[in-house]
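Participant: Taken in sequence, the protein lines are chains A and B.
As numbered in our numbering, residues 1 to 113 make up the first sequence, in order.
As numbered in our numbering, residues 114 to 227 make up the second sequence, in order.
For glycine and all other residues, C-beta sits at the position ideal for the given N, C-alpha and C.
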Amino acid sequence: AQSVTQLGSHVSVSEGALVLLRCNYSSSVPPYLFWYVQYPNQGLQLLLKYTTGATLVKGINGFEAEFKKSETSFHLTKPSAHMSDAAEYFCAVRLDSNYQLIWGAGTKLIIKP
Amino acid sequence: DAGITQSPRHKVTETGTPVTLRCHQTENHRYMYWYRQDPGHGLRLIHYSYGVKDTDKGEVSDGYSVSRSKTEDFLLTLESATSSQTSVYFCAIRGEGGSNQPQHFGDGTRLSIL
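Now the structure itself:
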């Protein structure tokens, strides 16, 4: 069965430190992978996506993610955290029906001043 | 931003009453989705639509029905609301071009069933 696992429901980093949010997936078809961000009381906004081609994908707000097929991972990183990065982050992978996505449970990123 | 409007944004109602949530899009996208979001569960798909009058169930469809009579509107109905349906509901749309296209989300409806 296809699934998405996000390690850590909460991740806390200091302002200026590296951000690393982990996502592992299982998929029965070549994966299309997505990271979304949700700010309080808002909908989800696309950060970046991997479909084919270059495995290092750059997104908005300085985030990037690397697709590693051998590790079935798509971890999200940012070199230097800002206070404005505090939000909840969701990883998703397409389901083989092509209509749907499977979602991780989310990771809340906390930025310490 | 994708033109998606959810209404109402907030609603409080009583157990046993019917509730209808509306999602309206101005993008003319074929695919529309209803999700619910609960702490610790991420997003769970309730129903989705792949065209006018074409809908299908998601993983948590029990107690919910949908209708899509026009491209721009996708309605979610709770026939007889229960307290377990208290949640934040999100509508999403997706354009053509295959499953590599991202979904775009509305701002959500916060529904409380007392």
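Just verifying my parser: in three-state terms, what is the DSSP assignment at residue 225 of chain B?
Facilitator: If DSSP states are grouped into helix, strand and coil, residue 225 of chain B belongs with the strands.
Participant: So does the stretch 140-155 of chain B actually touch the stretch 172-187 of chain B, counting three or more Cβ pairs closer than 8 Å?
Facilitator: Judged by Cβ distances under 8 Å, the stretch 140-155 of chain B makes contact with the stretch 172-187 of chain B, as three or more pairs qualify.
Participant: Does the ligand MN have a heavy atom nearer than 7 Å to the CB of residue 168 of chain B?
Facilitator: Although the ligand MN was asked about, the structure shown includes no ligands whatsoever.
Participant: Does chain A have any CB closer than 8 Å to the CB of residue 120 of chain B?
Facilitator: No, because no Cβ of chain A sits closer than 8 Å to the Cβ of residue 120 of chain B.
Participant: Below 9 Å on C-beta distance, what does residue 90 of chain A contact in chain B?
Facilitator: Neighbours of residue 90 of chain A on chain B, chain order: 155 and 156.
Participant: Taking all protein chains shown into account, do 16 or more other C-beta atoms lie within 10 angstroms of the C-beta of residue 207 of chain B, making it buried, or fewer, making it exposed?
Facilitator: The residue is buried, with at least 16 neighbouring Cβ atoms inside 10 Å.
Participant: Secondary structure at residue 200 of chain B, three-state DSSP: helix, strand or coil?
Facilitator: Strand, per DSSP.
Participant: What residue range is occupied by the uninterrupted beta strand (DSSP E) comprising residue 110 of chain A?
Facilitator: Per DSSP, residue 110 of chain A belongs to the beta strand (DSSP E) from 107-112.
Participant: Taking the beta strand (DSSP E) that residue 72 of chain A falls in, what are its first and last residues?
Facilitator: Premise fails: residue 72 of chain A is in no beta strand (DSSP E) and is neither H nor E.
Participant: Have a look at B:150, B:169, B:201 and B:127 and flag the residue whose alpha-carbon is nearest the alpha-carbon of residue 121 of chain B.
Facilitator: Nearest C-alpha to residue 121 of chain B: B:201.
Participant: Residues of chain B with CB under 7 Å from residue 103 of chain A, in chain order?
Facilitator: What residue 103 of chain A touches in chain B: 155 and 156.
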